[in-house]
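Numbering (this note's numbering), first residue to last: 4 to 431.
Below, the structure is given as structure tokens:
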């Protein structure tokens, strides 16, 4: 299915750069391309905000998560040493707890790096999940268990696949965008949890998250050559009972775990064409014609939607605008999103019970990510506007050796990554 191909390509390119490219490349994605109408005014209901002074993040680091105890963790890379650090900071920006992952040369002489690393908390432990790769080629999947001081407790060689996650007790993964499996952490007791098309309407699946006793995934059905006829589902598997639930929604992009919850989010628009095929008339510029044709059949949603699974309870959360990104739910049940305006202004929005409580706007260059919990929003930014060199097209037909040479030839871009916090308190 076309979605599967896109997902694999994205995963391959995404953070093979972990050892060789700066995190600021996330920032340019946040600049909206369409729908730049003014944001509606929030009805103020009494949220107190207090912003801190920024501090520099070592190793051009970017935000990862806020732990249950309020500790903020970052990910940074040392390009010269070809390694990635996970760490916390004190109030002066000095590294406290830390863990390092280094590239290495295998017995075939290949320089093995890291793709798409992510850090998640499961109970009192943290789990670092990443793919080892040489160029575009995956060489393995690794899960590292860390204690509260970021000391390594265990290292697991997980099944080799792009869609994989853990809850600290089980590993759940997807093969060929068709079948979901579960194993023990050591790979034993492998079982099939679900297969697309087997006593269900799905033609395929994508993405996977496991949180506590539940697995979340994206389900797809319909004619893959006709976008108008495609259907999207939030897929839910109860690990205790094996029960599978499919919730059809208007569109589903990615999913992720946040503060013990599984969150899916909707695209800002939907393609309503009968076919992906576009026949360009003679004499027409193909690029211009295809752009106009696609716009003609694009349906933009008036609001944003997030789909949340919290301890087995499923709910739909609506936001004012379809341009609100990276929703998180804090430990008090407040929903926090952010909206970029493409001019350096970032507006954080706080909702409760699908009602907007208040907003807070900052102005920074190169906004990258934010996390929120325990009454604190922590965000990172580069202090620089996106540059043309931040986005470089890569030929997916490159050999692994050509890929290595390509990244080695990339110029180093000097910048400083910064982090700041916004304390928020909802007045009851």
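We put the CB at the ideal spot given by N, CA and C, even for glycine.
Less than 8 Å between the CB atoms is what I'm expecting for residue i and residue j, so what's the real figure, rounded?
| i | j | result |
| --- | --- | --- |
| residue 50 | residue 428 | 7 Å |
| residue 278 | residue 252 | Between residue 252 and residue 278 the Cβ distance is about 23 Å, and since that is not below 8 Å, they are no contact. |
| residue 264 | residue 313 | 5 Å |
| residue 374 | residue 66 | 5 Å |
| residue 52 | residue 363 | 5 Å |
With a Cβ-Cβ cutoff of 9 Å, do residue i and residue j count as a contact?
| i | j | result |
| --- | --- | --- |
| residue 185 | residue 174 | yes |
| residue 357 | residue 262 | no |
| residue 199 | residue 176 | no |
| residue 441 | residue 235 | Residue numbering for the chain in the displayed model covers 4 to 431; residue 441 lies beyond these limits and cannot be assessed. |
| residue 183 | residue 218 | yes |
| residue 421 | residue 384 | yes |
| residue 54 | residue 346 | no |
| residue 246 | residue 274 | no |
| residue 309 | residue 320 | yes |
| residue 138 | residue 316 | no |
| residue 334 | residue 71 | yes |
| residue 3 | residue 318 | Outside the modelled stretch of the chain, which goes from 4 to 431, sits residue 3, for which no answer is possible. |
| residue 101 | residue 68 | no |
| residue 95 | residue 58 | yes |
| residue 260 | residue 123 | yes |
| residue 159 | residue 202 | no |
Using a Cβ-Cβ cut-off of 7 Å (strictly less than) and excluding sequence neighbours within five positions of residue i, which residues of its own chain qualify?
| i | result |
| --- | --- |
| residue 163 | 141, 143 and 144 |
| residue 204 | 224 |
| residue 171 | 125, 126, 128 and 130 |
| residue 367 | 347, 349 and 384 |
| residue 192 | 186 |
| residue 424 | 55, 379, 380 and 381 |
Name, in chain order, the residues that DSSP records as bridge partners for residue i.
| i | result |
| --- | --- |
| residue 312 | 265 and 317 |
| residue 351 | 341 and 363 |
| residue 433 | Residue coverage of the chain in this structure runs from 4 to 431, which leaves residue 433 outside it and unanswerable. |
| residue 98 | 92 |
| residue 256 | Paired residue(s): none; residue 256 is not in a bridge. |
| residue 297 | Per DSSP, none; premise fails for residue 297. |
| residue 122 | 131 |
| residue 156 | In DSSP, residue 156 forms no bridge with anything. |
| residue 1 | The question about residue 1 has no answer here: the residues shown for the chain are numbered 4 through 431. |
| residue 374 | 381 |
| residue 274 | 301 |
| residue 197 | 183 |
| residue 452 | Missing from the structure shown is residue 452; the chain here goes from 4 to 431 and no further. |
Count the other C-beta atoms from every protein chain shown that fall within 10 angstroms of the C-beta of residue i, then say buried if there are 16 or more, exposed otherwise.
| i | result |
| --- | --- |
| residue 462 | The displayed coordinates of the chain run from 4 to 431. Any statement about residue 462 would go beyond what the structure contains. |
| residue 238 | buried |
| residue 430 | exposed |
| residue 293 | exposed |
| residue 380 | buried |
| residue 412 | exposed |
| residue 63 | buried |
| residue 38 | Caution applies to residue 38, whose pLDDT of 36 falls short of 50 and renders its modelled position unreliable; the model cannot decide the point. |
| residue 209 | buried |
| residue 287 | exposed |
| residue 402 | exposed |
| residue 244 | exposed |
| residue 415 | exposed |
| residue 300 | exposed |
| residue 195 | exposed |
| residue 332 | buried |
| residue 283 | exposed |
| residue 337 | buried |
Only counting the same chain, and skipping five residues up and downstream in sequence, which positions put a Cβ closer than 8 Å to that of residue i?
| i | result |
| --- | --- |
| residue 135 | 115, 116, 117, 118, 141, 142, 143, 144 and 145 |
| residue 120 | 18, 21, 78, 87, 104, 131, 132 and 133 |
| residue 181 | 198, 199, 200, 207 and 208 |
| residue 228 | 278, 279 and 280 |
| residue 404 | 138 |
| residue 387 | 27, 368, 369 and 418 |
| residue 73 | 376, 377 and 379 |
Output needed for residue i: all residues of its chain with C-beta closer than 6 Å, excluding positions within five of it in sequence on either side, in chain order.
| i | result |
| --- | --- |
| residue 340 | 322, 327, 330 and 352 |
| residue 36 | Reliability of the predicted coordinates at residue 36 is poor, the pLDDT of 34 falling under 50, and the value obtained from them is presented with this limitation in mind. Hits under 6 Å: none found. |
| residue 93 | 99 |
| residue 242 | 216 |
| residue 168 | 175, 211, 212 and 213 |
| residue 14 | For residue 14, the pLDDT reaches just 31, beneath the cut-off of 50, and the residue's location in the model is therefore unreliable, although a value from the coordinates is still provided. Taken in chain order, the residues that qualify are 119 and 165. |
| residue 40 | Summary for residue 40: the model assigns pLDDT 42, below 50, so the residue's position carries little reliability, and this model does not support an answer. |
| residue 267 | 237, 255, 258 and 310 |
Is the shortest distance between the beta-carbon of residue i and the beta-carbons of chain D less than 9 Å?
| i | result |
| --- | --- |
| residue 303 | The structure shown has no chain D; it contains just one protein chain. |
Would the C-beta of residue i count as close to the ligand COA, meaning under 8 Å from any of its heavy atoms?
| i | result |
| --- | --- |
| residue 386 | As for the ligand COA, it is missing from this structure, which has no ligand bound. |
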